[in-house]
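Below: the structure, in structure tokens.
Chains as they are written, first to last, in our numbering: chain A, 73 to 187; chain B, 2 to 116.
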């Protein structure tokens with residue numbers, strides 16, 4: 073079974089540019105999450121999709137971040153315009169809806185550097 | 002006070018010893034607790050989940066949960082050099098409500114197992 077995949081693995085952009093990150097969850101997982109780790113800090117939650125609907129977007133830092141999950145499959149996270157403080161590693165995770173288990177499996181992450 | 006706190010590291014143990022990692026959390030509503038292992042430059046890997054008070058064992062790993070004390074721990078028996086990594090405590094659903102899927106992470110404890 074393929075795990076969570078993310079693209080690209082690295083992205084270097086200039087301040088003010090736009091970047092779109094993609095996440096493909098484990099097949100059949102209805103729950104999809106985005107997290108971010110900035111340098112020296114703990115991993116922070118951004119948002120949670122259930123299928124194509126946003127269940128919880130309480131962690132989104134501001135309106136420069138836009139997440140979508142068309143058709144309840146893959147998800148994209150767009151940052152527009154990027155700022156220096158957006159640099160970090162963006163992780164995607166997925167989980168099934170089986171019972172009360174919310175075991176989340178993480179992708180390899182996208183390292184974003186804003187210069 | 003941080004929502005999820007882990008014992009400060011780094012933690013160094015000799016090969017074959019028991020490594021003990023501790024975590025406290027702030028919210029009594031939380032119902033799900035996870036331990037992740039993260040190797041340098043890699044994504045978090047789920048190693049244990051626990052939902053009920055008491056102990057849960059899986060191979061060399063034992064997770065312990067005490068909801069009254071808001072405390073969760075991970076014991077690694079017969080520690081191996083390959084166990085050297087950062088261990089992340091994650092608590093699910095802090096705050097309850099629509100945030101049931103959200104994981105709140107501690108800052109991590111670096112474990113080194115020396116031969």
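Glycine included, each C-beta is placed from N, C-alpha and C at the ideal position.
Quick check: the segment 78–96 of chain A against the segment 79–87 of chain B, are at least 3 beta-carbon pairs closer than 8 Å?
The segment 79–87 of chain B is not in contact with the segment 78–96 of chain A.
Using CA atoms only, rank isn't needed, just tell me which of 20/B, 44/B, 63/B, 90/B is closest to residue 108/A.
Looking at the Cα atoms, 44/B is the closest of the given residues.
Does DSSP put residue 160/A in a helix, in a strand, or in coil?
Strand.
Measure the C-alpha to C-alpha separation of residue 34/B and residue 75/A and round it to an integer number of angstroms.
If you take the alpha carbons of residue 34/B and residue 75/A, they lie about 21 Å apart.
Once DSSP output is grouped into helix, strand and coil, what is the label at residue 25/B?
Strand.
Is the shortest distance between the beta-carbon of residue 45/B and the beta-carbons of chain A less than 7 Å?
Judged by the 7 Å Cβ criterion, residue 45/B is in contact with chain A.
Rounded to the nearest angstrom, what separates residue 54/B and residue 186/A at their Cα positions?
Straight-line Cα distance between these residues: approximately 44 Å.
Which complete beta strand (DSSP E) runs does the segment 110–143 of chain A hold, if anything under 3 residues is left out?
As far as the segment 110–143 of chain A is concerned, its whole beta strand (DSSP E) runs of at least 3 residues are 116–122, 125–128, 137–140.
Which of the three DSSP states is assigned to residue 90/A in this structure?
Coil.
From the DSSP output, in three-state form, read off residue 60/B for me.
DSSP places residue 60/B in coil when its eight states are reduced to three.
Using a C-beta to C-beta distance shorter than 9 Å, which residues of chain A count as neighbours of residue 106/B?
The contacting residues are 107, 109, 114, 115, 116, 117.
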